[in-house]
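Engineer:
In UniProt numbering, the protein residues as written are 1 to 198.
1. Using a Cβ-Cβ cut-off of 6 Å (strictly less than) and excluding sequence neighbours within five positions of residue 64, which residues of its own chain qualify?
2. What runs of the alpha helix (DSSP H), each 4 residues or longer, lie entirely inside the region 29-59?
3. Would you list the one or two residues that DSSP bridges to residue 106?
4. So, residue 197 versus residue 189, is the Cβ gap smaller than 8 Å?
5. Please work out which residues of its chain come closer than 8 Å, Cβ to Cβ, to residue 1, disregarding the five sequence neighbours upstream and downstream, and give them in chain order.
6. Under DSSP, the alpha helix (DSSP H) around residue 121 begins and ends at which residues?
7. Buried or exposed for residue 166, going by 16 or more other Cβ atoms inside 10 Å?
8. Within this structure, are the beta carbons of residue 32 and residue 82 separated by less than 8 Å?
9. May I ask you to report which of helix, strand or coil DSSP gives residue 1?
10. Within the region 127-178, note down every full beta strand (DSSP E) run reaching 3 residues or more, in order along the chain.
11. Quick one: using the 10 Å Cβ neighbour count with 16 as the cut-off for buried, is residue 172 buried or exposed?
12. Buried or exposed for residue 35, going by 16 or more other Cβ atoms inside 10 Å?
13. Who are the Cβ neighbours of residue 146 in its own chain at under 6 Å, not counting the five residues just before and after it?
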């Protein structure tokens, strides 16, 4: 019999509820708090697809509107949620970890998603229509967790197209930066926030 990890369902639920209670106050109303909890549960579930329809079905909702509203218009402080999750991860994984930056691509069919265009993505191993994100992880011998993220805005199209930026809800202050610069910014922010990393 192969060795593997086992998860204590009760312990997992306690940990999940602890994290969600840490970020709950970042949502202005009860409905988005509940939807955020259902959304994260869906992301963690063993679902074939993880879009608003499938996440809503998993949560027992009649349609995707609540999930879409959470992502598109619900009032929340995304940066403060990120900070809460980072602090939670570092508290639970312990000090003296390492910071790991890497990019990943998300294949897309349309042209309206923020930052999407034909560009190289390692996900496909070639140039494809995609979004690219740069992520920062914190790792210790106890485990690892993503603690930050930045959307890569391709220089060729997005910075110079205000109408397209408005449609995709990209803030005016977001400017082109290389993936390396995005990684350096995230590392600097983590260290400035007191993350004890080597």
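C-beta atoms are modelled at their ideal positions from N, C-alpha and C, and glycine is treated no differently.
Structural biologist: By the coordinates alone:
1. Answer for residue 64: 52, 53, 56, listed in chain order.
2. Look at the region 29-59 and you find these whole runs of alpha helix (DSSP H), each 4 residues long or longer: 30-44, 52-59.
3. Its beta-bridge partners are 131.
4. Residue 197 is not a Cβ neighbour of residue 189, given a cutoff of 8 Å.
5. Because the pLDDT at residue 1 is just 45, under 50, the model does not fix this residue reliably, and the point stays unresolved.
6. Bounds of any alpha helix (DSSP H) do not take in residue 121; it lies within the beta strand (DSSP E) bounded by 117-121.
7. When all chains shown are included, residue 166 counts as exposed.
8. Remark: C-beta atoms of residue 32 and residue 82 do not approach each other more closely than 8 Å.
9. Low local confidence applies: a pLDDT of 45 at residue 1 is under 50, so the model's placement there is unreliable, and no value is given.
10. Complete beta strand (DSSP E) runs here, min 3: 143-152.
11. Exposed, because fewer than 16 other Cβ atoms sit within 10 Å of the Cβ of residue 172.
12. By the 10 Å Cβ count, residue 35 comes out buried.
13. So the list reads 135, 137, once near-sequence residues are dropped.
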